[in-house]
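For reference, the structure is listed below as structure tokens.
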């Protein structure tokens, strides 16, 4: 890649991201690897991985928080809660179908996500944090099981 085309590509990345993506995809399809602007391409690929992991953690926290609310506020159970649990479980399952390697990451972040979900459940319900167990009462399989709801 010439110095001038590298400057143009860097400018394009900053000025018209979508066009940069289209041109980068075209260069890859045409095996014009020497024309690729690698620094931004690498950054984008790494960012995609972070996005998938962040989405997994977000969906996991929502499921856990709703399961905690379901368990500790039985008088407030609603179809909306059931739907939210179902929806975010489905998102997690779809993530694992698309990227099976993220199942290991799920297990890796489960305890941290539980602690965040515990705090979020306390804030959302107005119940003291101490009401919710310090240790996760749900197994990794229960969290994903469409038929599991705590009693």
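In the numbering used here, the protein residues as written are 7 to 157. Every residue gets a Cβ at the ideal spot worked out from N, C-alpha and C, and that includes glycine.
Return the CA-CA distance between residue i and residue j, expressed in angstroms with no decimal places.
i           : j           : result
residue 10  : residue 63  : Bear in mind that a pLDDT of 47 at residue 10, under 50, signals an unreliable position, so the model cannot answer this.
residue 5   : residue 114 : The question about residue 5 has no answer here: the residues shown for the chain are numbered 7 through 157.
residue 21  : residue 40  : 22 Å
residue 107 : residue 59  : 11 Å
residue 119 : residue 125 : 10 Å
residue 141 : residue 73  : 14 Å
residue 38  : residue 29  : 11 Å
residue 127 : residue 71  : 5 Å
residue 137 : residue 68  : 18 Å
residue 111 : residue 85  : 30 Å
residue 109 : residue 143 : 19 Å
residue 122 : residue 150 : 18 Å
residue 146 : residue 25  : 42 Å
residue 94  : residue 80  : 20 Å
I need the boundaries of the alpha helix (DSSP H) containing residue i, first residue and last residue.
i           : result
residue 187 : The requested residue 187 is not part of the displayed model; the chain covers only 7 to 157.
residue 51  : 44-78
residue 82  : Element bounds for residue 82: n/a, residue is neither H nor E.
residue 110 : 108-131
Going by alpha carbons, who is nearest to residue i out of the options?
i           : options         : result
residue 134 : 17, 100, 75, 83 : 75
residue 55  : 81, 101, 71     : 101
residue 154 : 36, 78, 92, 82  : 92
residue 42  : 52, 53, 57, 19  : 19
residue 51  : 70, 37, 69, 31  : 31
residue 152 : 65, 132, 88, 27 : 88
residue 148 : 66, 130, 61     : 66
residue 116 : 130, 44, 98     : 98
Under a Cβ-count criterion, where at least 16 other Cβ atoms within 10 Å of its own Cβ denotes burial, should residue i be classed as buried or exposed?
i          : result
residue 48 : exposed
residue 83 : exposed
residue 17 : exposed
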